[in-house]
Amino acid sequence: MMGPDIFSFGPFRLAAGERLLTRDGVPVDLGARALDILVALVSRPNEPVGKRELMAEVWPDVTVEEGSLRFHIVALRKALGDGQDGARYITTLPGRGYCFVAPVLRSAPPGQAVDGTAPFTGATSLPARLARMVGREEEVRALSAQLAAARFVTVVGPGGVGKTTVAVAVTHDLLEAFAGAAMFVDFGLLADPRLVPVALASMLGLPIRSEDPVPGLIAHLRGRRFLLVLDSCEHVIDGAAALAAEIFRAAPEVHILATSREALRVEGEQVHFLAPLDSPPDDVGLTAAAAAAFPAAQLFLERAAAAGAPLDLSDADAVLVAEICRRLDGVALAIELAAGRVQAYGLRQTAALLDQRLPLSWTGQRNAPPRQRTLQATLDWSYGLLSEAERLVLRRLAVFVGPFTIEAALGVATGGAVDDAALFAAIDSLVAKSMVATRPVGAMMRYRLLDTTRAYALQIADDTERAALAARHAGYYRRWLEQLGGEWPALSNAAVRGPYLSAMNNVRAALDWCFGPGGDGGLGVALAAAAAPVFLAMSLLTECRRWSERAVLALGHARGGSEEMHLQAALGMALMFLQGGSDAARLALERALAIADSRGDALGQLVVLGPLHMFHLRTGAFDIALDLGKRGAALAGAVEDPAAAALAHFLLGMSLHLAGDLGGARAALEAALRHQPGGPRASTIYLGFEGQNLSGAILARTLWLQGHPAQAVEQARRAVREAERMDHPVTLSVAMIWAITVFLWTGDLRSAEQHVAWFTVRAGTHSLGPYLAVGQALAGALAVRRGDAEAGVEGLQAGLATLHGARYEVLTTALEIALAEGLAATGRTAEGLALVEATIRRVEARGDLVYMPELLRVKGLLLLAASQTAEACFRQSLHWSRRQGALAWELRAATGLAALLAGEGRRDEAAALLRPLFERFTEGTETADLQAAGRLLSTLVE
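With this note's numbering, the residue at position 309 of the sequence shown is 325, and numbering never jumps.
Given below as structure tokens:
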């Protein structure tokens with residue numbers, strides 16, 4: 017019965033081969049029979065296991081009563097904590113058996129694989145397959161074959177007909193063929209077609225750092241064999257059609273299965289129309305056997321039995337069943353709702369009630385198909401069967417968009433006649449009556465109204481009720497964002513962020529209401545202020561800009577408060593990443609700082625100083641950034657927030673490093689690393705990356721410049737490893753940029769090459785704007801160091817042109833030094849000299865003086881190549897190096913000057929200059945600069 021596989025669900029891990037169940041690593045005391053039952057159920061998640069089948073597996077050679085099985089099921093549920101804090105693991109199927117309903121991850125022990133295939137590491141978000149699907153088996157097989165051959169199929173049909181059910185079944189059938197690489201995207205949660213690519217990118221864990229996220233999506237999907245399921249496209253058909261067409265064209269290994277009430281009508285699409293289930297004919301002579309052969313009748317009978325009303329169908333009853341199916345047009349959803357009422361009202365009264373409600377017509381669009389009007393009648397009738405308390409709760413729950421938690425329901429739907437107990441009772445009843453759907457996520461249950469049910473409930477609520485609900489809904493999600501704000505930086509992968517992304521759909525809906533007709537603009541401002549840093553942390557930059565701008569406009573004369581400060585700061589950051597160093601971004605950030613200053617809010621000042629400092633670094637205003645860094649350090653002592661203090665030290669350390677104050681930089685960066693994050697993660701939310709981690713990367717550069725090359729390499733590798741563990745794309749990318757400079761400086765070209773390739777791929781996959789140009793330029797610098805100067809110069813010039821155009825100047829001086837060296841290597845000495853002299857003037861003007869010693873050294877080399885006097889440049893480089901405490905620059909300058917002196921016959925003077933410097937190094941003798949200096953010294957003592 018048991019294989020060696022390992023099953024993980026909630027906090028539990030079941031090692032079947034070892035017969036060991038642990039909870040959070042602690043063994044769970046479980047009897048042998050209960051353990052056998054658990055293995056039998058968990059190995060078939062979301063599949064009913066009959067009582068007889070289960071007893072045969074657990075007691076293969078013994079005859080036992082059902083009471084024994086029930087006894088061990090009770091013990092097993094108690095051991096799992098089933099039912100506690102919303103956890104659901106084992107459900108009873110009346111008259112049938114049991115089913116394990118929690119999500120299960122199946123894996124092999126170390127060194128083995130499951131089913132011979134490597135697991136897909138992404139989150140599929142794939143709903144569970146129905147235990148039995150009625151009347152669709154042939155269509156599922158046909159669709160699977162069609163999708164495999166054509167790559168792009170849209171399942172089209174009326175609402176409630178079963179399009180999603182069929183799509184889920186097809187996906188499960190093909191999952192093995194795609195090695196588990198599938199993603200199910202529910203567009204029913206969206207109302208704005210422009211958010212279609214944003215939603216897909218978010219589910220894939222890709223940050224949105226441009227106005228158009230589609231290129232990043234294409235870069236991520238291109239070359240991957242992947243099954244993409246786009247569900248409920250009719251809500252956002254323009255956006256879904258455009259995205260599907262582009263993916264089909266540009267990612268030839270991606271297969272697309274869409275569902276919609278109408279065809280997408282784009283190139284490559286094949287349409288599969290999903291007709292309603294066949295219903296028995298209107299025939300007075302219809303027999304039970306004949307009726308039961310039709311899928312619509314089969315579905316009705318199965319759902320009635322599952323709801324506790326098994327029917328021993330007679331010929332007379334068959335006529336009633338056939339009538340109900342026809343009246344409901346064979347629409348699966350409507351049939352299921354009707355079948356669920358048989359247990360309470362009987363077959364005949366169910367048919368009569370349905371008939372009474374049929375004259376009610378669809379109250380939406382005039383050209384809506386008849387099936388939608390019939391479903392409206394079914395919902396009218398279902399609503400009429402609810403108690404007043406259930407009706408009230410259903411109308412209140414309709415305010416939620418997509419899944420919601422029981423905590424959210426308590427926060428929004430209670431009040432007045434509905435207290436906590438009444439809400440729990442109503443939700444239990446609504447779930448039992450198929451008016452509210454459930455789905456476990458981890459050990460927690462999520463609830464959701466079907467789209468048609470939600471639309472119906474919103475329609476019957478009056479304007480006053482809807483407005484009050486919308487206000488409570490917006491207020492709840494504002495509080496939710498404020499309470500959970502500190503956790504957002506850690507939500508960096510699709511599996512973890514899924515439930516939060518669902519909740520963000522409710523935030524969007526609340527913002528739409530607040531800023532719409534009849535909304536509450538003041539509440540909208542507060543909600544947008546709470547949501548803005550979350551949008552930033554999740555890299556949803558276009559939405560951050562949109563809602564921050566709307567909220568700022570809605571402030572009117574009520575300006576100058578904390579909310580405007582946070583909105584302006586978030587708006588400035590979003591604009592900076594989307595538009596580069598624009599004036600709009602600078603003005604928003606400066607306005608945020610002015611508000612913080614006027615309020616005397618030290619923490620607010622520090623939080624806003626972070627993005628403003630980064631703005632000036634990115635645009636090359638290093639002197640202004642240094643002033644802001646010093647101001648932040650002065651404020652750090654006035655706040656009791658370790659993360660804010662670490663942020664202040666990081667900002668100052670980075671500015672001091674670029675200004676050439678290496679001692680001060682090292683002290684500040686080491687202080688930043690000593691601070692453990694705690695409280696609000698201000699640095700991550702407002703900078704777009706983890707500042708504490710990047711302190712390590714800048715410290716690595718500082719260590720190299722001070723003459724500690726081995727420590728520098730170790731620190732650079734540590735910073736990259738820590739950023740990789742964080743799984744935060746921007747943080748990892750920036751850490752790799754600075755680490756690559758260290759590898760280039762030490763002459764570790766192999767490590768530099770590996771990290772450049774890795775960095776470039778990630779920058780393209782995650783649409784990280786100017787980082788693509790940084791990668792191109794760093795590859796050029798590497799080529800120059802490897803001796804391919806022509807290619808290196810070409811890459812550096814192209815990358816620098818893009819960076820200057822985007823006003824991304826934080827790295828341009830270092831890259832221009834590499835370009836000058838490449839120009840010298842290709843014999844373009846005059847061009848190189850002109851570049852160096854222009855760069856020196858720019859460095860003097862803007863303040864990134866750390867590069868001055870190296871610029872002067874390279875200028876000296878270019879002057880030598882041009883047969884001009886160079887000694888003064890080398891001596892100026894030595895002076896700057898000593899003033900900065902940059903032993904590494906000093907060694908390079910001394911090596912260049914010593915070579916010049918030796919060439920002029922001044923060998924003793926050359927040796928006296930170089931030897932003391934060389935001997936000051938106690939590590940890194942294998943690095944390129946020390947090797948070069950050592951070789952030169954050996955010639956001077958001959």
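Positions of the beta carbon are idealized from the N, C-alpha and C atoms, including for glycine.
Residue i in three-state terms, based on DSSP
i: Asp328; result: coil
i: Phe531; result: coil
i: Leu302; result: coil
i: His691; result: coil
i: His573; result: coil
i: Pro297; result: coil
i: Val150; result: coil
i: Arg240; result: coil
i: Ala948; result: helix
i: Tyr824; result: coil
i: His632; result: helix
i: His288; result: strand
Whole-Å CB distance - residue i paired with residue j, under 8 angstroms assumed
i: Val201; j: Asp247; result: 6 angstroms
i: Ala313; j: Glu339; result: In fact, because the Cβ distance is near 11 angstroms, the residues do not count as touching under 8 angstroms.
i: Phe310; j: Pro296; result: 5 angstroms
i: Pro851; j: Leu835; result: First, the amino acid is wrong: residue 851 is Leu here, not Pro. Between Leu835 and Leu851 the Cβ distance is about 6 angstroms, and since that is below 8 angstroms, they are a contact.
i: Ala949; j: Leu880; result: That pair is no contact at about 18 angstroms.
i: Ala425; j: Ile443; result: 7 angstroms
i: Ala320; j: Ala414; result: The pair is not a contact, with the Cβ atoms about 27 angstroms apart (cut-off 8 angstroms).
Nearest to residue i (by Cα), restricted to the options the options
i: Ala687; options: Leu349, Leu894, Ala915 and Ser711; result: Ser711
i: Gly26; options: Gly151, Arg112, Phe203 and Gly41; result: Gly41
i: Leu96; options: Ala50, Glu906 and Glu285; result: Ala50
i: Glu656; options: Phe631, Gly680, Gly669 and Val623; result: Val623
i: Gly431; options: Thr421, Leu835, Val409 and Gly400; result: Val409
i: Gly113; options: Leu956, Gly83 and Leu142; result: Gly83
i: Asp617; options: Trp75, Ala195 and Ala654; result: Ala654
i: Leu243; options: Leu211, Phe203 and Val169; result: Val169
i: Thr421; options: Val452, Gly204 and Leu92; result: Val452
i: Thr762; options: Ile753, Leu721 and Gly791; result: Leu721
i: Ala433; options: His665, Val447, Lys449 and Arg407; result: Arg407
i: Gly418; options: Leu466, Ser218 and Trp754; result: Leu466
i: Ala807; options: Met219, Ala841, Leu500 and Ala193; result: Ala841
i: Ser245; options: Leu363, Pro143 and Ala448; result: The question names Ser, but residue 245 is Val in the sequence shown. The residue with the shortest Cα to Cα distance from Val245 is Pro143.
i: Gly33; options: Gln727, Val55 and Gly669; result: Val55
i: Pro869; options: Ala888, Glu925 and Gln884; result: Ala888
i: Asp276; options: Ala183, Gln365 and His236; result: With the sequence shown as reference, residue 276 is identified as Ser, and Asp is not the correct amino acid for it. Nearest option by C-alpha distance: Ala183.
i: Leu280; options: Tyr492, Ala258, Ala217 and Ala441; result: Ala258
i: Leu929; options: Phe937, Asp328, Leu913 and Asp639; result: Leu913
i: Cys530; options: Arg495, Ala483, Leu329 and Asp331; result: Ala483
Residue environment, residue i, which counts as buried when at least 16 other CB atoms sit within 10 Å
i: His820; result: exposed
i: Gln564; result: According to the sequence provided, residue 564 is Ser. The question's Gln does not apply to it. It counts as buried.
i: Ala172; result: Going by the sequence as given, residue 172 is Val instead of Ala. Its Cβ being crowded by 16 or more others within 10 Å, Val172 is buried.
i: Leu569; result: exposed
i: Glu269; result: exposed
i: Ala910; result: buried
i: Thr955; result: exposed
i: Asp345; result: buried
i: Gln584; result: buried
i: Ser518; result: buried
i: Gly796; result: buried
i: Glu352; result: buried
i: Lys875; result: buried
i: Arg157; result: exposed
i: Gln884; result: exposed
i: Gly239; result: exposed
Contained alpha helix (DSSP H) runs [length at least 4] in the stretch 730-773, N- to C-terminal order:
745-762
Complete beta strand (DSSP E) runs within the stretch 187-238 (minimum length 3 residues, chain order):
198-202
Enumerate, from N- to C-terminal direction, the unbroken alpha helix (DSSP H) stretches of 4 or more residues contained entirely within the stretch 31-110.
48-58, 67-74 and 82-96
Which runs of the beta strand (DSSP E), 3 residues or longer, sit entirely within the stretch 852-924?
none
Could you name each continuous alpha helix (DSSP H) segment of 4 residues or more that falls completely within the stretch 443-505, going from the start of the chain to the end?
467-476 and 479-500
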